[in-house]
Amino acid sequence: MGSVPTDRYLHPDVDAGAGGLYSYLGSPGALFAIVLFVLLLVTRATSSQRLVPKGVNDEGVARPPAIPYWLPLIGHIPNMAYDADGFLKRLRTQFQSGVYSLNFVGGRHNIVYGPGLATALLNQKQHVANSEEVSRRLLGVIFGFPKKELQKYDDALPELMTCYKHLLSEPSLGDLVSQTSRQLQRSIVDLVTGNESLVDQMPWEKTSSVKNAKNKSGKPVVEASLLPLIRDYAAHTANPSLIGSDFLNNYPDFLDDLWVFDRGFVLLATGLPRWFPLPTLTRAHLARRRMLDKMDIFHRAMKKHANGEDVGTDWSSLDDVGSLVKARMEVYRKHDMSIRARSSFELSLLWAGNANSDTLIFWMVNRIYADKALLEMIREEIAPYVTVVQPPSDLPIAEPPRLDRFDLDGLCNDCPLLKSAYIECLRLDAAPWSFKVIKEDLVLQGRQKGSERWLLRKGDYAHIAHDLHSTDPKFFDDPTVWRADRHIKYDDDEKRRVADMGQLAVS
2 MGSVPTDRYL HPDVDAGAGG LYSYLGSPGA LFAIVLFVLL LVTRATSSQR LVPKGVNDEG
62 VARPPAIPYW LPLIGHIPNM AYDADGFLKR LRTQFQSGVY SLNFVGGRHN IVYGPGLATA
122 LLNQKQHVAN SEEVSRRLLG VIFGFPKKEL QKYDDALPEL MTCYKHLLSE PSLGDLVSQT
182 SRQLQRSIVD LVTGNESLVD QMPWEKTSSV KNAKNKSGKP VVEASLLPLI RDYAAHTANP
242 SLIGSDFLNN YPDFLDDLWV FDRGFVLLAT GLPRWFPLPT LTRAHLARRR MLDKMDIFHR
302 AMKKHANGED VGTDWSSLDD VGSLVKARME VYRKHDMSIR ARSSFELSLL WAGNANSDTL
362 IFWMVNRIYA DKALLEMIRE EIAPYVTVVQ PPSDLPIAEP PRLDRFDLDG LCNDCPLLKS
422 AYIECLRLDA APWSFKVIKE DLVLQGRQKG SERWLLRKGD YAHIAHDLHS TDPKFFDDPT
482 VWRADRHIKY DDDEKRRVAD MGQLAVS
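Quick note: the sequence shown uses our numbering, first residue 2, plus one each step.
Spelled out as structure tokens, the structure:
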């Protein structure tokens, strides 16, 4: 018998029988493709066996259903990278039990969205379901905290938490709010200046494609991309209360990197390296490095300032750095934390203070202005608490109006429609999650009579997906529709309208 050619594509006359198959399998590329295909099938089949919950403890309590996946080790990361929101909501529709499990890098991650189960998990003691261990890990993989200083983190954590609790109590919280309110009153007049030159524009205008135009009536107007305009304005208004005025003055592009970083937040949490072929992940890694480099310079200046050394003209206003950061500086020095460790802490603070709240303000403005009737109702409601005046001037060009009265207590306590609109934005436009590491085998059950019980094993991760509950049609009618008055109700005497968190409070 003659020999079989090794490349069937160069020898099309070869019989497509056994010899042709042999030559095809002899191709390294084809063999790799077949092995990969078989591996994918085996992975899918193996993971599908876990879809039906099985009783695994002495009481026959089942673990949450595990969702099948195609890629070994990587698990469901591609699904989350491609369309996390759609993927999770489709699974919520498929599994009505309030919990299911995903696989990320070989770990079992239980996604809890039933309100009863979520409350039960949140109420677990730290030695059963630990959130601090999750924070410890995320501080490293997301915010770049040095691994070699994790023991210092453990030692300093109680004092750092004391600093944070001090900020959230009076008088520190009141001072923070008052400082931000004063900054708002000063800067709101420059939300849109109308300046065409980039040199003369405010930082939030430079990122918003601002240009002068005319409306349908021929009147001059300013066009801008509303999301970056409102989001960046909110950040520039609020952040000086935390980190002082010098930082964003020196690094106005810091926020651009913060938004890039935020888009890759979930992927960073997986611990995947920068070279992994996901552009969003790579950009997030690079943005983090640039932000940490800037934070390093800030902390070196803070260290010099605390020692009475000259910090240069770029950092001449460090006295207005917020009380929380100043208090944490004392803890950093006590535990001899490196500059990079300090920077990662402050990066986590700035991300937490901006990632959700600044974008939420945009959504609130956008949704209210989209409904002219609602806009007029809210303007009428807030009129007693916000006063705008026109300063007198002898100049040919009048000064712009300014906020003369800004009653924050009245806005928060006596404007139910405004508050309800805010809560509705929280429901639809924020996507908060809570994280736990299961330290002991745990049977999770809601308070409702006859509710299912689920077993979470030691070593599992548990994620409370509050947004899956807040958009669940079982709890909210027309859940994808934004309704400003959805959360308004009357108080006990049926005379006064109030707004509260309602169903959102249990998630």
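For each residue, glycine too, the CB sits at the ideal point set by N, CA and C. Computed from a predicted structure; not experimentally measured.
Own chain, CB closer than 8 Å to residue i, minus 5 neighbours either side, in chain order
| i | result |
| --- | --- |
| residue 110 | 102, 103, 104, 461, 462, 463 and 464 |
| residue 222 | 213, 214, 215 and 216 |
| residue 270 | 139, 142 and 143 |
| residue 240 | 248, 249, 351, 354 and 355 |
| residue 199 | 207 |
Three-way DSSP call (helix, strand, coil) for residue i in this model
| i | result |
| --- | --- |
| residue 401 | coil |
| residue 446 | strand |
| residue 435 | strand |
| residue 499 | strand |
| residue 276 | coil |
| residue 202 | coil |
| residue 354 | helix |
| residue 508 | Legend: pLDDT at residue 508 = 49, less than 50; position of this residue unreliable, value from coordinates given subsequently. Here residue 508 sits in coil by DSSP. |
| residue 146 | coil |
| residue 295 | helix |
| residue 175 | helix |
| residue 192 | coil |
| residue 1 | A question about residue 1 goes unanswered here, because the residues of the chain that appear run from 2 up to 508. |
| residue 60 | coil |
| residue 268 | helix |
| residue 283 | helix |
| residue 441 | coil |
| residue 197 | coil |
| residue 170 | coil |
| residue 208 | coil |
Classification of residue i by the beta-carbon crowding that lies within 10 angstroms, buried from 16 upward
| i | result |
| --- | --- |
| residue 119 | buried |
| residue 242 | buried |
| residue 384 | exposed |
| residue 487 | buried |
| residue 531 | The chain is shown only over 2 to 508; residue 531 falls outside these bounds and no answer can be derived. |
| residue 370 | exposed |
| residue 471 | buried |
| residue 174 | exposed |
| residue 60 | exposed |
| residue 107 | exposed |
| residue 77 | buried |
| residue 482 | exposed |
Spatial neighbours of residue i in its chain, beta-carbon cut-off 7 Å, leaving aside the 5 residues before and after
| i | result |
| --- | --- |
| residue 326 | 243, 244 and 347 |
| residue 203 | 191 and 194 |
| residue 297 | 340, 341 and 344 |
| residue 18 | For residue 18, the pLDDT reaches just 47, beneath the cut-off of 50, and the residue's location in the model is therefore unreliable, although a value from the coordinates is still provided. There are no such residues. |
| residue 333 | 343 |
| residue 329 | 161, 164 and 346 |
Cutoff 6 Å; reference residue i; Cβ partners in own chain excluding five residues on either side
| i | result |
| --- | --- |
| residue 252 | 295 |
| residue 263 | 356 |
| residue 431 | 357 and 361 |
| residue 504 | 476 |
| residue 293 | 145 and 344 |
| residue 1 | As displayed, the chain neither begins before 2 nor continues past 508, which places residue 1 out of reach and without an answer. |
| residue 247 | 316 and 318 |
| residue 224 | 212 and 214 |
| residue 405 | 388 and 390 |
| residue 22 | Residue placement at residue 22 is flagged as unreliable, the pLDDT there being 44, under the threshold of 50; the coordinate-derived value follows with that caveat. If we look at residue 22 and ignore the five residues flanking it on each side, it has no Cβ neighbours. |
The ligand ATP heavy atom lying under 7 Å from the CB of residue i
| i | result |
| --- | --- |
| residue 482 | Among the components of this structure there are no ligands whatsoever, and the ligand ATP is therefore not found. |
Could you name each continuous alpha helix (DSSP H) segment of 4 residues or more that falls completely within the region 63-143, going from the start of the chain to the end?
78-95, 116-123 and 133-142
Validate contact between the region 130-147 and the region 330-349 using beta carbons, cut 8 Å, 3 pairs:
yes
Touch check for the region 349-365 and the region 389-407: three-plus C-beta pairs under 8 Å?
no
Complete beta strand (DSSP E) runs within the region 211-257 (minimum length 3 residues, chain order)
212-215 and 221-224
Spell out a yes or no on whether the region 314-329 and the region 161-180 are touching, meaning 3 or more CB-CB pairs, one atom from each, closer than 8 Å.
yes
Give the list of continuous alpha helix (DSSP H) stretches no shorter than 4 residues that lie fully inside the region 360-423.
373-383 and 409-414
Would you be able to state if there are at least three C-beta pairs under 8 Å between the region 300-310 and the region 283-291?
no
Start-end ranges of the beta strand (DSSP E) lying completely within the region 445-495, minimum 3 residues:
454-457, 462-466 and 489-491
Can you find at least 3 beta carbon pairs, one from the region 424-442 and one from the region 497-507, that sit closer than 8 Å?
yes
With a cut-off of 8 Å, do at least 3 Cβ pairs link the region 387-397 to the region 444-458?
no
Counting Cβ pairs closer than 8 Å, one from the region 404-420 and one from the region 448-461, do we hit at least three?
no
Pick out the complete beta strand (DSSP E) segments inside the region 297-353, 3 residues or longer, and give them in chain order.
none
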